[in-house]
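Written below as structure tokens is the structure these notes are about.
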Amino acid sequence: MTPRLRRWVFLAGMAGLAAFYLWGLHGLPGFGRYPGPYGDVINRIAVGQTNATGVVSAVNFEYRGFDTLGEEFILFAAATGVAVVLRRLRGERERSATDEAAGRDVPPTSDAVRQVALILTGPMLVVGWYLASHAQTSPSGGFQGGVVLATAFVLIYLAGRFLAFERFSPVDVTDAVEAVGAAGFAAVGLAAVAMGLPLLTNFLGLGTVPGAVSSSGTIALISFFVGLEVAAAFVLIVSELLDQALLLRGSR
Amino acid sequence: MHIFPFIVVVWILAVGLYGVVTSRHLMHLIMCLIVVQSSTYVLLLAVGYKTGAVAPYFYDVPVHTPAVDPVVQALALTDVVVEAAVTALLLAFAIQAHKRFGTLDPQQLVQLKG
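Respectively, the protein sequence lines represent chains A and B. Its first residue numbered 1, the first sequence is counted upward by one per residue in the working numbering. Its first residue numbered 253, the second sequence is counted upward by one per residue in the working numbering.
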């Protein structure tokens with residue numbers, strides 16, 4: 001198919017989509033007029049049922065916990081997929097860029113970047129940890145906290161060298177943490193089954209004060225495992241991609 | 253009737269798809285795919301929005317305060333993270349395609365495979 005023809009087919013398809021979309025919009029309630037009732041009902045009952053003031057987390061890790069379990073395994077599969085696809089192929093070997101061009105060093109990272117990265121690493125760890133452990137309270141949770149935690153490790157790479165990054169996050173440890181995160185979520189769900197309750201039932205004590213860190217039972221626990229899983233998955237992905245950069249630079 | 257956000261949704265979708273269709277580089281194609289996917293975030297959040305309502309967090313507001321739909325927010329939230337990981341997988345495929353075929357032009361890649 002020539003690019004020109006392809007473009008025309010696309011435009012025809014889009015015209016059709018636009019027609020149906022506008023027609024469909026006609027029957028929708030306008031923006032800002034949420035028809036409910038599902039979201040309204042959950043907003044009304046979630047705090048009383050789970051003692052979590054963050055209803056989004058309550059939905060993620062309690063009401064739609066099974067769905068989130070699936071999402072987490074997509075993440076797990078994607079990270080594993082990156083590691084598998086980027087495995088060392090036959091004939092590839094790792095070389096440092098300096099081997100190829102004798103007398104010409106890789107340009108060093110600027111001091112400003114290193115300083116800022118170094119200064120930010122600690123706060124990033126704290127913020128990531130805070131987010132991952134306060135899903136039940138405020139707009140946070142394992143997914144957000146995990147990504148921020150992974151950022152802290154990327155900052156270590158920026159502040160130092162790739163080798164320092166690898167020392168702080170060796171692939172074996174990252175793999176293990178990721179597996180623990182993914183399995184922990186599933187284990188919490190199955191523990192309920194072992195007690196004769198439906199899968200992912202909130203079987204822990206809910207605490208007495210809504211929104212306290214110790215409240216909400218399994219919501220906080222699952223969020224913690226998700227945080228581990230997400231952080232490890234992203235550290236794994238970043239280290240695999242950086243590994244490739246080293247490989248590509250070496251083979252040039 | 254106020255439908256501007258829904259028009260934005262279909263516009264982002266169309267722009268992203270146009271990029272995918274006319275792409276000459278796999279990296280560009282993956283970026284366009286991210287644009288297509290971001291239209292779903294706008295759609296989800298627009299569907300759940302309620303005029304004058306607060307975010308669905310009841311830490312410092314009473315439980316009966318009108319709040320926007322938390323379900324679509326939960327969906328968008330997990331979607332963002334999963335999308336980032338899937339994008340990394342696609343980039344890994346692009347790296348391997350470049351290693352094997354020496355090109356990142358999707359149209360040439362199609363010709364290579366016959």
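Ideal Cβ positions, reconstructed from N, Cα and C, are used throughout, including at glycine.
Using three-state DSSP, classify H344(B) as helix, strand or coil.
Counting from 1 along the second sequence, the entry for residue 344(B) is found at position 92. In the sequence as presented, His is not what sits at residue 344(B); that position holds Ala. Helix, per DSSP.
Spatial neighbours of P358(B) in its chain, beta-carbon cut-off 7 Å, leaving aside the 5 residues before and after:
Walking along the second sequence from the start, residue 358(B) turns up at place 106. Answer for P358(B): S275, L278, L281, listed in chain order.
With DSSP as the reference, please indicate the residues paired to V207(B) in a beta bridge.
Shown here, chain B extends from 253 to 366; a query on residue 207(B) therefore has no answer.
Once you ignore the five residues that flank S290(B) on each side, which residues in its own chain have a CB closer than 7 Å to its CB?
Working through the second sequence from its first residue, we reach residue 290(B) at position 38. These residues qualify, in order along the chain: I264.
Let's test the definition: count the other Cβ atoms within 10 Å of the Cβ of A58(A) and tell me whether it reaches 16, buried, or not, exposed.
Here residue 58(A) is taken as the residue at index 58 of the first sequence, counted from 1. Counting Cβ neighbours within 10 Å, A58(A) comes out buried, since at least 16 surround it.
Sort out for me which residues DSSP pairs G54(A) with in a bridge.
As a first step, residue 54(A) is located in the first sequence; it is residue number 54 there, counting from the start. G54(A) is bridged to Y309(B).
Touch test, the segment 115–124 of chain A against the segment 185–200 of chain A, Cβ-Cβ under 8 Å, three pairs minimum:
no
Can you give me, in chain order, the residues of the segment 322–334 of chain B that have a beta carbon less than 7 Å from any beta carbon in chain A?
P322, V323, Q325, A326, L329, T330, V333, V334
Under the three-state reduction of DSSP, which class applies to M195(A): helix, strand or coil?
In the first sequence, residue 195(A) corresponds to position 195, counting from 1. Looking at M195(A) - three-state DSSP - the assignment turns out to be coil, as it is neither helix nor strand.
Tell me which residue opens and which closes the alpha helix (DSSP H) that I74(A) is part of.
Along the first sequence, one-based indexing puts residue 74(A) at 74. I74(A) -> alpha helix (DSSP H) spans 65–85.
Excluding the 5 residues preceding and the 5 following S251(A) in the sequence, name in chain order all residues of the same chain whose CB lies nearer than 6 Å to its CB.
Here residue 251(A) corresponds to residue number 251 of the first sequence, with the count starting at 1. With a pLDDT of 49 at S251(A), under the threshold of 50, the modelled position of this residue cannot be trusted; read the value that follows with caution. So the list is empty, once near-sequence residues are dropped.
My understanding is that L75(A) touches V334(B), with C-beta atoms under 8 Å, so please give their C-beta distance in whole angstroms.
Start at 1 with the first residue of the first sequence, and residue 75(A) comes out as number 75. Start at 1 with the first residue of the second sequence, and residue 334(B) comes out as number 82. A Cβ-Cβ separation of about 5 Å places L75(A) in contact with V334(B) under the 8 Å criterion.
Taking the straight line between their C-alpha atoms, what separation do you get for L236(A) and E62(A)?
Taking the first sequence and counting its residues from 1, one reaches residue 236(A) at position 236. Taking the first sequence and counting its residues from 1, one reaches residue 62(A) at position 62. Straight-line spacing of the CA atoms in L236(A) and E62(A) works out to 28 Å.
With a cut-off of 8 Å, does the C-beta of P254(A) fall near any C-beta of chain B?
Nothing in the structure corresponds to residue 254(A), since chain A is present only between 1 and 252.
Indicate whether the contact test is met: 3 or more Cβ pairs, each with one atom in the segment 145–156 of chain A and one in the segment 17–33 of chain A, closer than 8 Å.
no
For L269(B) and L343(B), I'd like the C-alpha separation in whole angstroms.
Start at 1 with the first residue of the second sequence, and residue 269(B) comes out as number 17. Start at 1 with the first residue of the second sequence, and residue 343(B) comes out as number 91. Using only the alpha carbons, I get a separation of about 18 Å.
How would you write the range of the alpha helix (DSSP H) that V213(A) sits in, first residue to last?
For the purposes of this step, residue 213(A) is taken as the residue at position 213 of the first sequence. Counting along the chain, V213(A) sits inside no alpha helix (DSSP H), nor does DSSP assign it H or E at all.
So, are the CB atoms of R7(A) and V273(B) less than 8 Å apart?
On the first sequence, position 7 is the one that residue 7(A) refers to. On the second sequence, position 21 is the one that residue 273(B) refers to. Yes, they are a contact pair.
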